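The structure under discussion appears below in the form of structure tokens.
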Amino acid sequence: MIVSTKGRFALRLMVDLAQHAGEEKCSLKEIAERQGLSLKYLEQIVAMLNKAGLIRSTRGYRGGYHLNKPASDYTAGEILRATEGNMLVLPCLDEDQPPCEERRSCVTLPFWSGLQNAIDSYMDSVSLEDLIKQFEISSKEGNYVL
333 MIVSTKGRFA
343 LRLMVDLAQH
353 AGEEKCSLKE
363 IAERQGLSLK
373 YLEQIVAMLN
383 KAGLIRSTRG
393 YRGGYHLNKP
403 ASDYTAGEIL
413 RATEGNMLVL
423 PCLDEDQPPC
433 EERRSCVTLP
443 FWSGLQNAID
453 SYMDSVSLED
463 LIKQFEISSK
473 EGNYVL
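According to our numbering, the sequence shown is numbered sequentially starting from 333.
So this is what it looks like as structure tokens:
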């Protein structure tokens, strides 16, 4: 499982929105500049996040993008799934697909299922608020790894 730039940038965009939640507007241009990301690429990502109901846009002079709920109520997992789709380690774990023919005889299936559960559990346990706090702590200590 590899997270694409779409997923990574979506997470950065959402953290940026959370960090600037008290402001009247967050234009995509401002976010792109702060994050050093392509405006055109962010436009595609914003469309996906908006469609998933994670953000809202306001048009006009005071327009911009906003979170639909507090940062503590968003998980990294829901944001990544909105842009990446199912985050599966193996296609045979996709419950929306017909079961794999090897399912009954696959000796490694419990391992893969356990790994998938661990990944899902971790992604769904980390909120945007957690990411911001972890970054603040790391940057104070001079360690920029989350």
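Note that beta-carbon positions come from the ideal geometry of N, C-alpha and C, so glycine has one too.
Please read all numbers here as calculations on a predicted model, not as lab measurements.
{"Asked": "How big is the Cα-Cα spacing for Gln-429 and Arg-436?", "Found": "16 Å"}
{"Asked": "Helix, strand or coil: which one does DSSP assign to Thr-337?", "Found": "helix"}
{"Asked": "Using a 10 Å radius around the Cβ and a threshold of 16 neighbouring Cβ atoms, would you call Asp-348 buried or exposed?", "Found": "buried"}
{"Asked": "Mind the definition here: the region 450-470 touches the region 345-363 only if three or more C-beta pairs lie below 8 Å; say whether that holds.", "Found": "yes"}
{"Asked": "Between Ser-404 and chain C, is any beta-carbon pair separated by less than 7 Å?", "Found": "Here chain C cannot be found, since the structure has a single protein chain."}
{"Asked": "So, at 8 Å on beta carbons, what are the nonlocal neighbours of Ala-364 in its own chain, with the 5 sequence-adjacent residues on each side left out?", "Found": "Ser-370, Leu-371 and Leu-374"}
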